[in-house]
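Residue numbers (this note's numbering): 786 to 1095.
Quick reminder that beta carbons are idealized off the backbone N, C-alpha and C, glycines included.
To keep things clear, I will list the structure first and then write my remarks on it.
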């Protein structure tokens, strides 16, 4: 109940700053889109799209803010069924648990998200455009429609002025001025005191698919992997808790290592979005964190054995 209250309170607090968080959240995907010469905008396919996007952003931000307190409540609930010594040990783990959650979110945003987006967008643009010239049979079926005589562009433009290509927009352009912004890959024109832009994509190696995301779908994708990596980074402490409390002895975990790794891969498939790259990266992180938990448990066992021996 307290976790729910904390989440609702965080949701209300985040209603205003979410507008600034949107820029931070949108940046990785827009950078990836630009790198692959795709439109650096999002689609809005309904009148409520903007409201839904904003509420999802508020929810994602409130989960990150309330996440540490929710984690504390989870550990507090677990501690109620333990002995006094074990309970004290659990409370000592809470700060590390919160730190690992925040570390998982940061790792997701600065590393995993960048790699996943570049892979997914790059894969989408890989599909080559087929030859659209009608075959002999197609001409027989639909009739031959010869285009107008082609114009030799190189000859036609010879000696004629072209459009200026600039690294940045000119200061105070006059009405009717047209230029290409090399940085943003846009054709821009000054009309009625306003600058209008049209994005351009290269024709070489053209793809039959144009990547143009809906922001609401991107936020959902981001929300899933944020929760997934925040929880995945709890793995070392979970392993340490199970071995210290003797719920699952360390030797049993060692003998069942292969089965546990298989289980991690299966769990990662449910936690991660439905793409191979996110699944592989989440599985790899969880396996490495599980091994880190095993090392911590072994170290704790050695210290406990030394204490008993003394």
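Contact belief for residue 1067 with residue 1057 at Cβ below 8 Å, rounded distance in angstroms: About 5 Å separates the two Cβ atoms, so the contact holds.
Close beta carbons around residue 838, own chain, < 7 Å, minus the five adjacent residues each side: Excluding residues within five positions, the ones whose Cβ falls inside 7 Å are 1000, 1001, 1004.
Helix, strand or coil at residue 965 according to DSSP, with G and I counted as helix: Collapsing the DSSP output to three states places residue 965 in a strand.
8 Å Cβ cutoff, residue 955 in contact with chain B: The chain inventory of the structure shown lacks chain B, comprising one protein chain alone.
Validate contact between the segment 825 to 844 and the segment 1025 to 1043 using beta carbons, cut 8 Å, 3 pairs: No: fewer than three Cβ pairs fall under 8 Å.
When 833, 848, 804, 803 are compared against residue 790, the one with the closest alpha-carbon: That would be 848, whose Cα lies nearest to the Cα of residue 790.
Reference residue 824; option with closest CA among 815, 980, 1012: When only C-alpha atoms are compared, the closest one is 815.
Alpha helix (DSSP H) segments (min. 4 residues) lying fully within the segment 1006 to 1094: Whole alpha helix (DSSP H) segments, 4+ residues: 1020 to 1029, 1035 to 1040, 1042 to 1056, 1061 to 1094.
Beta-carbon proximity list for residue 1079, same chain, < 7 Å, skipping 5 on both sides: Take residue 1079, set aside five residues on each side of it, and the residues of its chain with a beta-carbon closer than 7 Å to its own are 1024, 1038, in chain order.
Residue 1095 versus residue 1088 - alpha carbon distance: Because residue 1095 carries a pLDDT of 42, less than 50, the predicted location of this residue cannot be relied on, and the following value inherits that uncertainty. Rounded to the nearest whole angstrom, the CA to CA distance from residue 1095 to residue 1088 is 11 Å.
Residue 1022 beta carbon less than 8 Å from that of residue 886: For residue 886 and residue 1022, no; Cβs fall outside 8 Å.
Validate contact between the segment 822 to 836 and the segment 870 to 878 using beta carbons, cut 8 Å, 3 pairs: As far as the Cβ criterion goes, the segment 822 to 836 does not touch the segment 870 to 878, which means the pair count is below three.
Nearest-angstrom Cβ-Cβ length linking residue 968 and residue 992, presumed shorter than 8 Å: Not confirmed; about 23 Å, so no contact.
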